[in-house]
Ligand SMILES: Cc1ncc(COP(=O)(O)O)c(C=O)c1O
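Rendered as structure tokens:
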């Protein structure tokens, strides 16, 4: 259990485990209450939640004709059919964005956006360290340096107060990540970007329909990036999108993702005019996505309602701290995280807590680790290219700066997260999550003793 569980592997598996009782809520259902007083499953008792959890992704028979239609049309390539364009229009509308460009993945959406915002070799991008590794990679592939802002332990997102001290004359952009579907505090981030003339690219790859002060994530900076990979709330196996309000930027995104062809050209009728690559979405992907837009809206509302219930209940348990959201914002919960304080559980370690919850039928993970210690960045900064692009002093200071990420270290060491599919279960199942955590709290002394 010491090893971090990968999120995608975890989601696949998730579908398949004293005196403290005085604070039990009067709201708790009798069955759940009984479960809390029983012996923990890890110590031989019955699990609180023997049933499974909703599987993910899902499909409906009603979606099949749309996919079959693409197959039979023999128009599979973006330049020859309509589905991708239709999806772009519909997704932009859903987000309140002027434009949307569908891409092959979230990673390619980030690559397109960073290129268009002129992030070049030798530049620096200020980024959230608490994210999926693709965010780091998109910067590194551009031969730019991902400079990590710290993470606010209360929100788990980029701490705006940590940005300015990290800006150098090489900084081109800020890349905040709405991690787990929780909006970053974008007003101060945008204000800093404006003051220093930096681009803002939102990594909204986990934040479809999340809201910040009345606007959707993905339209809060210069460009927003989304992922439609299989684990995501709007999945098409692989897929992504860039969103924004600037025609000029989106025209350039279109060209770059289409081998550098002139905007709107797919058949070489006009000459190539810019650098580019092939990051196009296929019509099969778009057909599946179009079918799911309504479901995305209803699923999001259900997850939101269940997350609100969890937050209200879990914050009453000593040692459990749900994430704080910025004012007037709505998270969409790709994962539902909370911070775990072992000192309130008789020193029961986070890994043991996760194990005990798993035995109760509640699968959780420890979220992201301090990935800057995992070797990827050492590999990059020791490469010939990076050594050419940055001075030895800069790279040394950069390497040492990882030790300053105290907030992020705290978050990585104490977070426990449920997956989004669990928030789609029935209300009674959600009550089991609360009951299982209360049960572990009540028996934490015995569990800690058994673990030692
Ligand atoms: C925060 C974040 N950024 C970027 C990506 C990359 O998206 P994709 O897997 O579609 O390339 C993901 C996907 O897992 C993500 O969660």
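Residue numbers (our numbering): 3 to 454.
Backbone N, C-alpha and C fix where the C-beta goes; we use that ideal spot for every residue, glycine too.
Note that the structure is a prediction, hence the values are computed from the model and not measured.
- Message: For the structure I just gave you, are there three or more beta carbon pairs, one from the region 315 to 334 and one from the region 168 to 188, closer than 8 angstroms?
- Response: With a cut-off of 8 angstroms, the region 168 to 188 and the region 315 to 334 count as touching, because enough Cβ pairs lie within range.
- Query: Pick from 217, 355 and 361: whose alpha carbon is nearest that of residue 329?
  - Reply: Minimum Cα-Cα distance from residue 329 among the listed residues 217, 355 and 361 corresponds to 217.
- Task: Give a yes or no on whether the C-beta atoms belonging to residue 436 and residue 327 are separated by under 8 angstroms.
- Result: Contact: no.
- Identify, in the order they occur along the chain, each residue of the same chain with its Cβ nearer than 6 angstroms to the Cβ of residue 255, setting aside the five sequence neighbours on each side. If we look at residue 255 and ignore the five residues flanking it on each side, its Cβ neighbours are 103, 114, 118 and 244.
- Report whether the distance from the Cβ of residue 421 to the nearest heavy atom of ligand 1 is below 7 angstroms. No heavy atom of ligand 1 is found nearer than 7 angstroms to the CB of residue 421.
- Query: Hey, out of 357, 223, 359 and 99, whose CA is closest to residue 191's CA?
  - Reply: The residue from 357, 223, 359 and 99 with its alpha-carbon nearest to that of residue 191 is 223.
- Task: Mind the definition here: the region 236 to 243 touches the region 287 to 303 only if three or more C-beta pairs lie below 8 angstroms; say whether that holds.
- Result: Yes: at least three Cβ pairs fall under 8 angstroms.
- Query: For the candidate residues 154, 121 and 171, whose alpha-carbon lies nearest to that of residue 177?
  - Reply: Taking only the C-alpha atoms, the option nearest residue 177 is 121.
- Query: Who are the Cβ neighbours of residue 452 in its own chain at under 7 angstroms, not counting the five residues just before and after it?
  - Reply: Excluding positions up to five away in sequence, the list reads 45.
- Task: In the DSSP assignment, find the unbroken alpha helix (DSSP H) run with residue 355 in it and report its ends.
- Result: Residue 355: member of the alpha helix (DSSP H) spanning 352 to 361, first to last residue.
- Message: If you reduce the DSSP assignment to three classes, tell me which class residue 368 lands in.
- Response: Assignment of residue 368 by DSSP, reduced to helix, strand and coil, places it in the coil class.
- Query: Would a C-beta distance cut-off of 8 angstroms place residue 250 and residue 227 closer than the cut-off?
  - Reply: For the 8 angstroms CB-CB criterion, residue 250 and residue 227 do not form a contact.
- Provide the residue span of the beta strand (DSSP E) that contains residue 417, from first to last. For residue 417, the enclosing beta strand (DSSP E) covers residues 417 to 421.
- Message: At the level of alpha carbons, what is the spacing between residue 388 and residue 346?
- Response: Cα to Cα, residue 388 sits roughly 45 angstroms from residue 346.
- Message: Bridge partners for residue 150 per DSSP, in chain order?
- Response: Answer by DSSP bridge pairing, in chain order: 129.
- Kindly indicate which three-state DSSP category residue 194 falls into: helix, strand or coil? Reduced to three states, the DSSP call for residue 194 is helix.
- Three-state class that DSSP yields for residue 330 in the structure shown: Coil.
- Task: Rounded to whole angstroms, what's the CA-CA distance from residue 441 to residue 40? Just pull it up for me.
- Result: Near 7 angstroms, if we compare the C-alpha coordinates of residue 40 and residue 441.
- Thinking just about the alpha-carbon of each residue, which of 390, 213 and 141 is nearest to the one in residue 303? It is 213.
- Going along the chain, which residues of its own chain have a beta-carbon closer than 7 angstroms to the beta-carbon of residue 422, five neighbours each way excluded? Closer than 7 angstroms at Cβ, skipping near neighbours: 235, 305, 335, 336 and 337.
- Item | Proximity to residue 131 [Cα-Cα], best of 141, 123 and 124 | Nearest C-alpha to residue 131 among 141, 123 and 124: 141.
- Message: As an exercise, report each continuous beta strand (DSSP E) stretch of at least 3 residues that is fully enclosed by the region 98 to 144, in chain order.
- Response: Segments of the beta strand (DSSP E) lying fully in the region 98 to 144: 101 to 105 and 126 to 129.
- Task: Would you check whether ligand 1 has a heavy atom nearer than 7 angstroms to the C-beta of residue 294?
- Result: Remark: the C-beta of residue 294 is outside contact range of ligand 1, defined as less than 7 angstroms to any heavy atom.
- Message: Just verifying my parser: in three-state terms, what is the DSSP assignment at residue 2?
- Response: The structure shown does not extend to residue 2, since the chain is modelled only from 3 through 454, so no value can be given for it.
- Query: CB-CB under 7 angstroms to residue 352, same chain, minus the five flanking residues each way: which ones, in chain order?
  - Reply: Taking residue 352 as the centre and dropping the five residues before and after it, the same chain places the C-beta of 342, 344, 368, 416 and 418 closer than 7 angstroms to its C-beta, in chain order.
- Query: Under three-state DSSP, which class holds residue 39?
  - Reply: Looking at residue 39 - three-state DSSP - the assignment turns out to be helix.
- Message: Quick check: what's the CA-CA separation for residue 139 versus residue 72?
- Response: Put simply, the backbone Cα of residue 139 is about 33 angstroms away from that of residue 72.
- Regarding residue 207 and ligand 1, is the C-beta to nearest heavy atom distance less than 7 angstroms? For residue 207, the Cβ falls inside the 7 angstroms cut-off from some heavy atom of ligand 1.
- Query: Which value, in whole angstroms, describes the spacing of the CA atoms of residue 11 and residue 321?
  - Reply: Model confidence at residue 11 stands at a pLDDT of 44, short of 50, so the residue's coordinates are unreliable; what they give is reported in the following sentence. Distance between the alpha carbons of residue 11 and residue 321: 27 angstroms.
- Counting only the same chain and skipping the five closest in sequence on each side, list residues whose C-beta sits under 6 angstroms from that of residue 450. Result list for residue 450: 348, 349 and 350, in chain order.
- Item | Closest by C-alpha distance to residue 448, when choosing among 377, 355 and 426 | Just measuring C-alpha positions, the residue of 377, 355 and 426 sitting nearest residue 448 is 355.
- Item | Which of helix, strand or coil DSSP assigns to residue 448 | Three-state DSSP puts residue 448 in a helix.
- Query: Is any heavy atom in ligand 1 found nearer than 7 angstroms to the beta carbon of residue 95?
  - Reply: Residue 95 Cβ: outside cutoff for every heavy atom of ligand 1.
- Boundaries (first-last residue) of the beta strand (DSSP E) holding residue 173: Where residue 173 is concerned, the enclosing beta strand (DSSP E) stretches over 173 to 177.
- Let me know if residue 55 comes out buried or exposed under the rule of 16 or more other beta-carbons within 10 Å of its beta-carbon. Of the residues assessed, residue 55 falls on the buried side of the cut-off, its CB having 16 or more other CB atoms within 10 angstroms.
- Query: Considering residue 287, what are the terminal residues of the alpha helix (DSSP H) in which it resides?
  - Reply: From DSSP, the alpha helix (DSSP H) with residue 287 extends over 285 to 316.
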